[in-house]
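In this text, residue positions in the sequence shown follow the working numbering: the first is 89, and each later residue adds one. Glycine included, every Cβ here is placed at the ideal spot set by N, Cα and C. To keep things clear, I will list the structure first and then write my remarks on it.
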Amino acid sequence: MNILLRLSRYLRNYWRQLTVAFLCLVASTFFSLVIPRLLGESIDRVLAKGDYQFLIMTALGIVLASILRGIFSYWQSYLSELVSQRVAYDLRNALYNHLQHLSFAFHDRQQTGQLMSRATADVEGVRWLVSWGVVRSVYLLVIIILVTLFLLSMNWGLALASLAFVPLVASRAIIVSTRLREIWQRIQEKTGDLTTALQENLSGMRVVKAYAREGHESQKFAQKAGEVANETLLANRVQASNAPLMNLIFTLSMGLILWYGGREVMAGRLTPGELTQFIFYLTVLAMPVRMTGFIVNVYSRAISSGQRIFEILDAQSPVKESPEAIELPSMKGYLRFENVSFNYDSVSPILHNVSFEVEPTQVIALLGATGSGKSTIVHLIPRFYDVSSGRITIDGVDVRDFKLTFLRRNVGIVQQDVFLFSATIRENLAYGATNASQEEIIAAAKAARLHDFIQGLPDGYETWVGERGITLSGGQKQRLAIARTLLVNPRILILDDSTSSVDIETENLIQEALAELVKGRTTFIISQRLSTVRLAGHILVLKDDMIVERGTPQELLARDSTFRELYKLQLSSQSI
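Now the structure itself:
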C-alpha cells in the first residue's frame, strides 16, 4: 500500500483530467446498463400488450444509448491514456534527473542495464497501472454498484443470489495478487539482467568479434532471455489458472438465476422481461469480473515496478551540495590537500593521510604504479567523490562549500577514457561551453592540433561523430577531449593520461600546445610518459596509498628514489 500511495502522488497534477475520465466512465457504464433495462421492458410490453410503437421507441432508445456510451467511452479512454503517459513522462524524468545528480560512488555499484530497465520496463509497468489498473478498478466498482441498484429495484432476493459470487472472486483475487507480486518482482530483476547483457555485448562488440566469442555471447544472452521467459510463463500460468475458476463461478451464478428466477416468474413475483434483464446484467457483469485477474496482475506488476523505481529515487548521493554553498567572484587555483584519506568501502583504503599544496599556475605530475591512487586524487578535487577524512581547499575554501556547478566549471579534466556523444564534432567540442562562438571553438581545436584534421572532413565541424566516437581514432578523440576541456577555460586543469592513445608525432603536436596551455592554470598531469611529465615543475610519487616522494623531476632522478625505479621499469625508453 505504501508503494501505491507514493505512486498516486504522481496523479495529483492531473486530477482534473482524471476526474473527467472517471465521470465519462460512469456515464458510459450507465448507458451500457440502460440497454438491458430497455430490452426487458420491451419484452414485457410486446408480449403482454403487443405494443409495436413502444418497440420502435425502445429500438431508437437503444441506438441513442449506444451512441452516448461510445462518446463517453472515447473520452474516458483518451483521458486515461493521456494521464498515464504524463505520469510515465514525469517518472522517467524524475529517474533521469536523480541519476544525473548521484555521485560516481553510486554508479560504480550499479549495472547500466538494470538502470535502463527501471527507466523503461518498470516505468511502463506503472503506466499500465494508471491506464488499466486504476481505471478498470473504478469501472468494476461502478458497474457492480449500478448493476446492484438495478437488480435490487426489481427483485432483491434474486439480486442477492446473483451477486453472491462477487466476494468469492474478490478473495481469489487477493490470493492471486500476492503470488503474482513475487513473480513480477523476479521478472523485473531478470529483465534488468537481460538488458545488462545486451548493453555489454553491443558496447563490447569489437572485443567479442576479436576473440570469436559470438557463440558464447549468444548462449549467455539466450540463458538470460530464457529466465525471463520462464518467469513470465509462470505468471501467465498463475493468471490462466484463475480464469477457469472465474468462468465456473459465473456459470454457477447463471444456473442459479435461471432456477431461482424461473420459480419467481412462475409465482408471478417476476416478469419474463425482468428475468431477461437479470440474465443480461449478469452477462454485462461477467466481463469486468473476468478481468479481475488481469487487473490484479497489473497491480502486482506496478507494485514490483514501483518498488524498483523508488529504490533509485530514494538513493542518496554521498556527494551533496550544502544549502549554504557559495561561488567565488574568481578562482585563483591555490589548492591544498590536508590529511586526506579516502576509501570506497571500509576495507579498501585508496589514500591515507595525503597532504600537499599547489600554488596557482603550478604544474604537478602524479606518478605511481597502477592502483596507487593517482586518478583518485584528481577525482576528489571536483568532488566526483568526497574525502573519507581530512579536507581539500581551493583558495582557502573547502571544496564541499562550493556549489557543484561552480566547482566543476573551474576544474577541467581530460579523462583517460574519452567519451564522445553521437552528435557533430562542433557539438562535442562545445559540450561544456554551449554558448561558445565558432571562433572560440576553432581556437580550441587549433590549440589541440585538431583543426587541420577537422577541416579535411567533408562536413568540417558539422561532421557527425558515431556512437562513442567510433568514427575517430584514439588520438583524435584524445585531442578532441583536450579541446573540449580547454574551451571551458578552467582555472584548474587535470590531464589524466591524456596522451596515452596518441602516436609520437601526434604527441609532439599536443606537447607543443600543452606547453602554452598550462600557463596561468594550476595543472595536474597523470602520465607514464616522461615527455609529458617534464612539463611539471613538481612531481608527487604515490605508493601504498600515500605520497612517498616529492620534488622536481631532476631531483628525484638524481637520488635513489621510487621515481627512479619507475623510470627504469616503465619509462626507460623515454628521455627526460
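Since ASP540 is in the alpha helix (DSSP H), which residue starts that stretch and which ends it? 539-543
Hey, quick one: how far does the alpha helix (DSSP H) through ARG325 stretch, first residue to last? 302-354
Spatial neighbours of ALA532 in its chain, beta-carbon cut-off 7 Å, leaving aside the 5 residues before and after: Contacts found: LEU517, ALA571, LEU574, LEU575.
CB-CB under 8 Å to THR279, same chain, minus the five flanking residues each way: which ones, in chain order? SER205, ALA209, VAL316
Runs of 4 residues minimum, wholly inside the segment 452-529: which ones carry the alpha helix (DSSP H) assignment? 462-468, 492-498, 513-517
Quick one: what's got a C-beta closer than 8 Å to LEU93's C-beta in the same chain, skipping five residues either side? none
Residues in the same chain with beta-carbon distance under 7 Å from LEU78, minus the five sequence neighbours each way, listed in chain order, please. Past the edges of the chain, shown from 89 to 664, lies residue 78, and the structure says nothing about it.
Look at the Cβ atom of ARG537, then the Cβ atom of GLN526, and state whether they are nearer than 9 Å. no
Distance between beta carbons of LEU370 and SER250, contact taken as under 8 Å: Contact holds; Cβ gap of about 6 Å.
Less than 9 Å separating the beta-carbons of VAL466 and ARG479? No; because the gap between Cβ atoms is not below 9 Å, this pair is not in contact.
DSSP has MET634 in a bridge; who is on the other side? LYS631
Going by beta-carbon coordinates alone, are LEU416 and ASP483 separated by less than 9 Å? yes
Taking VAL326 and LEU268 to be in contact with their CB atoms under 8 Å, please state how far apart those CB atoms are, rounded to whole angstroms. 6 Å
For HIS440, which of helix, strand or coil comes out of DSSP? For HIS440, the three-state secondary structure derived from DSSP is strand.
Integer Cβ distance of ARG424 from GLU447, believed to fall under 8 Å: About 10 Å separates the two Cβ atoms, so there is no contact after all.
Pairing CB atoms from the segment 112-127 with CB atoms from the segment 358-369, are three or more of them under 8 Å? yes
Take every Cβ of the segment 152-159, pair it with every Cβ of the segment 109-119, and state whether three or more of those distances are shorter than 8 Å. At 8 Å Cβ cutoff, the stretches touch.
At least three beta-carbon pairs within less than 8 Å, the segment 329-343 to the segment 100-113: no
Determine the burial state of VAL442: buried for a count of at least 16 other Cβ atoms within 10 Å of its Cβ, exposed for fewer. buried
Specify, as a first and last residue, the run of the alpha helix (DSSP H) that ARG180 falls within. 140-188
Counting Cβ pairs closer than 8 Å, one from the segment 159-172 and one from the segment 219-230, do we hit at least three? A contact exists between the segment 159-172 and the segment 219-230.
Go ahead and pull the three-state DSSP assignment for SER410. coil
With the cut-off set at 9 Å, would you say THR146 and VAL257 are in Cβ contact? no
Whole-angstrom distance between THR481 and ASP178, CA atom to CA atom: 38 Å
Ordered along the chain, which non-local residues of its own chain (more than five positions away) have a Cβ less than 7 Å from that of SER561? none
For GLU606, which three-state DSSP category applies? It should be pointed out that residue 606 corresponds to Val in this sequence rather than to Glu. Coil, per DSSP.
Assigned secondary structure, LEU99 (DSSP; H/G/I helix, E/B strand, else coil): helix
Residue range of the alpha helix (DSSP H) that SER250 falls in? 244-250
Please state if the CB of THR512 and the CB of THR610 are separated by a distance shorter than 9 Å. The Cβ-Cβ distance between THR610 and THR512 does not fall below 9 Å.
Nearest residue (CA-CA) to ARG104, options GLN164, LEU439, LEU143: GLN164
Are the CB atoms of VAL296 and GLU302 within a distance shorter than 9 Å? yes
Per-residue burial, ASN90 [other beta carbons within 10 Å of its own, 16 or more giving buried]: exposed
Inter-residue CB distance, GLN276 and SER392 (contact presumed, cutoff 8 Å): 5 Å
Would you give the residue range spanned by the alpha helix (DSSP H) that LEU568 belongs to? 562-576
What is the DSSP secondary structure of VAL553, counted as helix, strand or coil? coil
Shorter than 9 Å from the beta carbon of ASP178 to some beta carbon of chain B? Absence of chain B from the displayed structure is noted, only one protein chain being present.
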